[in-house]
Amino acid sequence: MRKTIHLHRAGHLHLTPFVQAALVLAIAGVVLYTVLFSNTGLHDALHGLRHSLGIIPCH
Amino acid sequence: MARWAVRVLAICLALVASTAAAAPEELQIRLTTAVPFAEIRPDRDAAAFTLTVTDAAGRLVPARLHLALQAPRSGWFSTDFPLVEATDLFAGEVLAPDGRYTFTYLPPMRGQYRLQVEAWPLGATAAEPTRGTLTFTLRETPDEWRNLALLLSGLLVVGVVSGFIIGRSARALGPGAGALLALCLWLLAAAPARAHERDDLAFDFPAAESNGEIAVRLELTPHTSATGRLTEIQGAVTDPHSGQPVPNAQITLAMIHAEDGIQVFRTLLPAPGGEFNWRHQFWDGAPHYLEIQVTPGPGGSAFTPLTRRVAVDVEGAAPPAAVKVKLMAWLLGVMTLGMLGGYRWGLRQRPPR
Numbered sequence: 176m177r178k179t180i181h182l183h184r185a186g187h188l189h190l191t192p193f194v195q196a197a198l199v200l201a202i203a204g205v206v207l208y209t210v211l212f213s214n215t216g217l218h219d220a221l222h223g224l225r226h227s228l229g230i231i232p233c234h
Numbered sequence: 051m052a053r054w055a056v057r058v059l060a061i062c063l064a065l066v067a068s069t070a071a072a073a074p075e076e077l078q079i080r081l082t083t084a085v086p087f088a089e090i091r092p093d094r095d096a097a098a099f100t101l102t103v104t105d106a107a108g109r110l111v112p113a114r115l116h117l118a119l120q121a122p123r124s125g126w127f128s129t130d131f132p133l134v135e136a137t138d139l140f141a142g143e144v145l146a147p148d149g150r151y152t153f154t155y156l157p158p159m160r161g162q163y164r165l166q167v168e169a170w171p172l173g174a175t176a177a178e179p180t181r182g183t184l185t186f187t188l189r190e191t192p193d194e195w196r197n198l199a200l201l202l203s204g205l206l207v208v209g210v211v212s213g214f215i216i217g218r219s220a221r222a223l224g225p226g227a228g229a230l231l232a233l234c235l236w237l238l239a240a241a242p243a244r245a246h247e248r249d250d251l252a253f254d255f256p257a258a259e260s261n262g263e264i265a266v267r268l269e270l271t272p273h274t275s276a277t278g279r280l281t282e283i284q285g286a287v288t289d290p291h292s293g294q295p296v297p298n299a300q301i302t303l304a305m306i307h308a309e310d311g312i313q314v315f316r317t318l319l320p321a322p323g324g325e326f327n328w329r330h331q332f333w334d335g336a337p338h339y340l341e342i343q344v345t346p347g348p349g350g351s352a353f354t355p356l357t358r359r360v361a362v363d364v365e366g367a368a369p370p371a372a373v374k375v376k377l378m379a380w381l382l383g384v385m386t387l388g389m390l391g392g393y394r395w396g397l398r399q400r401p402p403r
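Protein chains in written order, with this note's numbering: chain A, 176 to 234; chain B, 51 to 403.
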């Protein structure tokens, strides 16, 4: 006797292109803010980079 | 009657002539640099600036000068130091004993600087000085524009690629993007770290030093300096035995960036009554050294020169939120443009279902 097993894909998420674009921009925003503006432990490591870009405000 | 008229006219002419003789002499003040302004790189090169004071005939005039330098305003984009823009960078009184005064300064940013000068001829009793505002413009370092172009190009490419992927396959965000987001959020949430090391420096004011012949006292107000505002540096040269001021000593005041070792400012200061002061903005939020050298000046007593170096704590402050928001909008705007182009491209490449 053969058993047929059906596998269902769970958690399928369909996002419209607009929402996907918004998410990509949000991620890019967080990355840019972290690298260019945040005053966390990253600041010291990226201080030179920030000052080499001409328009990135620092303290 | 005619004789009276002639007398009145003569008196009037004499009054006019005496007024003209008492009027302060109009001085010409020029600002020059050892290298052309176009070659001075802000935040990189300290340059020697020379003020020359001459009379109408072009002869050098020994003068007392009051200077105030103001930082540029930014244009469309912020500079590296938005809190410093349009603020006073230094102010104080100096001497040009032979008609020339030279100082060394590392300018912080690109843009047009304004140097306000008031000049009094030495020895003259003119109450009203000659006033003038000298301007000079510095350009941004070319390397920085190149780096910015690279950043914007990178954002454009990322935008095009992500727009293409969305347009072509409508694929959901991959786990890599989620991991990157999580990493950034973790870094953002990390405990704030103080930029620039200060632990090995002692910031002790007032500072005092003596070599047995003279004593120097140095005071800073406020004790902790900050970007965007002037700090007053006051000092006095005294006889350590009598406590009396030592007049006409020559003061050399220099400021050195403690991390880079770069001399960011150097000037000679007059101390006719034994006291001197200067107001200065430390525009980089990092520790600096203040170095003072006291040597015998013209007309003063002889003594062994004395040098004292003290550390100055300079607090940096976060840039204004509005500046950051505006710049983020520009950067993400570039990326959005790339995404729109990439999306349209991806739609055309989408395989038929």
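Idealized CB from N, CA, C, for every residue including glycine.
What residues of chain A sit near residue 216 of chain B, judged by a beta carbon separation below 7 angstroms? Position 166 of the second sequence, counting from 1, holds the residue named residue 216 of chain B. Neighbours of residue 216 of chain B across chain A, judged by C-beta separation under 7 angstroms: 192, 195, 196.
Within the same chain, show all residues whose beta-carbon is closer than 7 angstroms to that of residue 72 of chain B, passing over the 5 residues directly before and after it, in chain order. Here residue 72 of chain B corresponds to residue number 22 of the second sequence, with the count starting at 1. Note on residue 72 of chain B: pLDDT 42, under 50, position unreliable in the model; the coordinate value appears next. So the list is empty, once near-sequence residues are dropped.
Sort out for me which residues DSSP pairs residue 302 of chain B with in a bridge. Counted from its first residue, the second sequence places residue 302 of chain B at position 252. The partner list for residue 302 of chain B (beta bridge, DSSP) reads B:318, B:343.
What residue range is occupied by the uninterrupted beta strand (DSSP E) comprising residue 327 of chain B? Here residue 327 of chain B corresponds to residue number 277 of the second sequence, with the count starting at 1. Residues 325-330.
Inter-stretch contact at 8 angstroms, needing at least 3 Cβ pairs: the segment 176-184 of chain B / the segment 146-161 of chain B: no
The segment 361-374 of chain B: positions lying closer than 9 angstroms to chain A by Cβ: 365, 366, 367, 368, 369, 370, 373, 374
Rounded straight-line distance, which links the Cα of residue 213 of chain B to that of residue 81 of chain B: Your numbering for residue 81 of chain B matches position 31 in the second sequence. Your numbering for residue 213 of chain B matches position 163 in the second sequence. Going from the Cα of residue 81 of chain B to the Cα of residue 213 of chain B covers about 53 angstroms.
Hey, quick one: how far does the alpha helix (DSSP H) through residue 210 of chain A stretch, first residue to last? Stepping through the first sequence from its first residue, residue 210 of chain A is reached at position 35. Element bounds for residue 210 of chain A: 192-211.
Just to confirm my understanding: we take residue 388 of chain B, look at its own chain, exclude 5 residues before and 5 after, and list those with CB closer than 6 angstroms. What are they? Position 338 of the second sequence, counting from 1, holds the residue named residue 388 of chain B. 206, 209, 210, listed in sequence order.
Out of curiosity, what's the CA-to-CA distance linking residue 196 of chain A and residue 216 of chain A? Sequence index remark: in the first sequence, residue 196 of chain A carries index 21 (1-based). Sequence index remark: in the first sequence, residue 216 of chain A carries index 41 (1-based). Their backbone Cα atoms lie some 29 angstroms apart in a straight line.
Name the one or two DSSP bridge partners that residue 275 of chain B has. What you label residue 275 of chain B is simply residue 225 of the second sequence in a count that begins at 1. BP columns for residue 275 of chain B point to B:364.
Since residue 124 of chain B is in the beta strand (DSSP E), which residue starts that stretch and which ends it? Translated into the one-based positions of the second sequence, residue 124 of chain B becomes position 74. Residue 124 of chain B -> no beta strand (DSSP E), and no H or E assigned at all.
In the DSSP assignment, what residue or residues form a beta bridge with residue 10 of chain B? Nothing can be reported for residue 10 of chain B, as the shown portion of chain B is limited to 51 through 403.
Is the beta carbon of residue 77 of chain B closer than 8 angstroms to that of residue 103 of chain B? In the second sequence, counting from the first residue as 1, residue 103 of chain B sits at position 53. In the second sequence, counting from the first residue as 1, residue 77 of chain B sits at position 27. Yes, Cβ-Cβ distance for residue 103 of chain B and residue 77 of chain B is below 8 angstroms.
Could you tell me the boundaries of the alpha helix (DSSP H) in which residue 192 of chain B lies? Counting from one through the second sequence, the residue named residue 192 of chain B turns up at place 142. 192-219 is the span of the alpha helix (DSSP H), which, as asked, contains residue 192 of chain B.
Contact criterion: CB-CB distance below 8 angstroms. Does residue 223 of chain A meet it with respect to chain B? Mapped onto the first sequence, residue 223 of chain A falls at position 48. Taking Cβ atoms only, chain B never reaches closer than 8 angstroms to residue 223 of chain A, which makes this a no.
Measuring alpha carbon to alpha carbon, tell me which residue in B:172, B:298, B:333 is nearest residue 120 of chain B. The sequence position of residue 120 of chain B within the second sequence is 70, counting from 1. B:333 is the residue among B:172, B:298, B:333 whose C-alpha sits nearest the C-alpha of residue 120 of chain B.
Measuring only the C-alpha atoms, how far is residue 139 of chain A from residue 390 of chain B? Examination of residue 139 of chain A is not possible in this model, given that chain A is present from 176 through 234 alone.
Can you find a CB in chain A that lies within less than 8 angstroms of the CB of residue 195 of chain B? For the purposes of this step, residue 195 of chain B is taken as residue 145 along the second sequence, with counting starting at 1. At least one chain A Cβ lies under 8 angstroms of residue 195 of chain B.
Is the beta carbon of residue 369 of chain B sitting closer than 8 angstroms to the one on residue 232 of chain A? Residue 369 of chain B sits at position 319 when you count from the first residue of the second sequence. Residue 232 of chain A sits at position 57 when you count from the first residue of the first sequence. Yes, they are a contact pair.
Would residue 167 of chain B pass as a contact of residue 188 of chain B if the rule is Cβ separation under 8 angstroms? If you number the second sequence from 1, residue 167 of chain B lands on position 117. If you number the second sequence from 1, residue 188 of chain B lands on position 138. No, these two residues do not count as a Cβ contact at 8 angstroms.
Exposed or buried, which one is residue 255 of chain B when buried takes at least 16 other CB atoms within 10 Å? Numbered from 1 along the second sequence, position 205 holds the residue referred to as residue 255 of chain B. Classification of residue 255 of chain B: buried, given that the 10 Å Cβ count is 16 or more.
Give the secondary structure of residue 395 of chain B by DSSP, where H, G and I count as helix, E and B as strand, and everything else as coil. In the second sequence, the residue the question calls residue 395 of chain B occupies position 345. Residue 395 of chain B: helix per DSSP, three-state reduction.
I need the boundaries of the beta strand (DSSP E) containing residue 161 of chain B, first residue and last residue. Residue 161 of chain B sits at position 111 when you count from the first residue of the second sequence. 161-171 is the span of the beta strand (DSSP E), which, as asked, contains residue 161 of chain B.
Check whether the Cβ of residue 208 of chain B lies closer than 8 angstroms to any Cβ atom in chain A. On the second sequence, residue 208 of chain B is found 158 positions in, with the first residue counted as 1. Chain A, which has a Cβ nearer than 8 angstroms to the Cβ of residue 208 of chain B, makes this yes.
Listed in chain order, which residues of the segment 153-178 of chain B have Cβ atoms closer than 9 angstroms to some Cβ of chain A? 160
Could you tell me whether the segment 333-346 of chain B touches the segment 294-306 of chain B, where touching means 3 or more Cβ pairs closer than 8 angstroms? yes
For residue 345 of chain B, I'd like the list of residues in its chain whose CB is within less than 6 angstroms of its CB, leaving aside the five on either flank, ordered along the chain. Walking along the second sequence from the start, residue 345 of chain B turns up at place 295. So the qualifying residues of the chain are 300, 355.
Can you tell which of B:126, B:289, B:196 has its C-alpha closest to the C-alpha of residue 351 of chain B? If you number the second sequence from 1, residue 351 of chain B lands on position 301. Minimum Cα distance to residue 351 of chain B is reached at B:289.
Thinking C-beta only, is residue 107 of chain B closer than 8 angstroms to residue 170 of chain B? Here residue 170 of chain B refers to the residue found at position 120 when the second sequence is read from its first residue. Here residue 107 of chain B refers to the residue found at position 57 when the second sequence is read from its first residue. Taking 8 angstroms as the Cβ cut-off, residue 170 of chain B and residue 107 of chain B do not qualify as a contacting pair.
In the DSSP assignment, find the unbroken alpha helix (DSSP H) run with residue 280 of chain B in it and report its ends. Taking the first residue of the second sequence as position 1, residue 280 of chain B is located at position 230. That residue, residue 280 of chain B, is in no alpha helix (DSSP H); it is neither H nor E in DSSP.
So which of B:131, B:219, B:88, B:135 has the shortest CA-CA distance to residue 190 of chain A? Looking up residue 190 of chain A in the first sequence gives position 15. The shortest C-alpha separation from residue 190 of chain A is found at B:219.
With 8 angstroms set as the bound, which would you pick, yes or no: does the beta-carbon of residue 281 of chain B sit closer than that to a beta-carbon of chain A? One-based indexing of the second sequence puts residue 281 of chain B at position 231. Answer no: the Cβ-Cβ gap between residue 281 of chain B and chain A never drops below 8 angstroms.
Are the CB atoms of residue 161 of chain B and residue 137 of chain B within a distance shorter than 8 angstroms? On the second sequence, residue 137 of chain B is found 87 positions in, with the first residue counted as 1. On the second sequence, residue 161 of chain B is found 111 positions in, with the first residue counted as 1. Not in contact: residue 137 of chain B and residue 161 of chain B (Cβ atoms no closer than 8 angstroms).
Just the chain A side, please: which residues come within less than 9 angstroms of residue 93 of chain B by C-beta, in chain order? To locate residue 93 of chain B, count along the second sequence from 1; it is residue 43. Going along chain A in sequence order, the residues near residue 93 of chain B (Cβ under 9 angstroms) are 226.
Can you look up residue 77 of chain B in the DSSP assignment and give me helix, strand or coil? Locating residue 77 of chain B in the second sequence gives position 27, where the first residue counts as 1. Note: residue 77 of chain B maps to coil in three-state DSSP.
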